[in-house]
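To convert, take the position in the sequence shown, counting from 1, and add 1; that gives our numbering.
Just so you know, even glycine gets a beta-carbon here, dropped at the ideal spot from N, CA and C.
None of these values were measured; they are calculated from a predicted model.
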Amino acid sequence: MNAIRTPRLILIPATAESLSAELISPRALGELLGCDVPASWPPELYDPDAVRWTLTWLAEHPDQLEWSLYYVAEVPPA
Numbered sequence: 002m003n004a005i006r007t008p009r010l011i012l013i014p015a016t017a018e019s020l021s022a023e024l025i026s027p028r029a030l031g032e033l034l035g036c037d038v039p040a041s042w043p044p045e046l047y048d049p050d051a052v053r054w055t056l057t058w059l060a061e062h063p064d065q066l067e068w069s070l071y072y073v074a075e076v077p078p079a
């Protein structure tokens with residue numbers, strides 16, 4: 002599934018690959034997504050158990066990717 006782009010934001014769908022990168026480090030996630038991940042990542046209440054739950058859910062429902070998690074990234078200024 003492709004990212005959804007607006008003039009200011011990019012919505013990047015979470016995949017098994019990106020979720021696995023999250024479990025490694027914010028830096029690994031940023032490298033995979035091609036964007037900077039803030040030092041405040043992950044947000045409150047979004048812990049490794051939540052990431053693993055989402056990985057399991059995606060494995061069980063591969064046709065529902067578009068209804069899952071998205072990362073929100075700012076479009077860099079021109």
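>> If distances are taken between C-alpha atoms only, which option among Pro-14, Pro-49, Leu-24 comes closest to Ser-69?
In response: Pro-14
>> DSSP three-state label for Pro-39, please.
In response: coil
>> For a quick check, are the C-beta atoms of Ser-19 and Leu-30 less than 8 Å apart?
In response: yes
> To which residues of the same chain is Val-1 closer than 8 Å at the C-beta, ignoring the five residues directly before and after it?
Replying inline: This structure cannot speak to residue 1, because the chain is shown only from 2 to 79.
> What do you reckon, are the CB atoms on Val-52 and Ile-11 nearer than 8 Å?
Replying inline: no
>> From the DSSP secondary-structure annotation, give me the bridge partner or partners of Pro-44.
In response: According to DSSP, Pro-44 bridges with nothing at all.
> Cβ atoms of Leu-34 and Ala-79: under 8 Å apart, would you say?
Replying inline: no
>> For Ala-4 and Trp-54, what's the separation of their Cα atoms in angstroms?
In response: 22 Å
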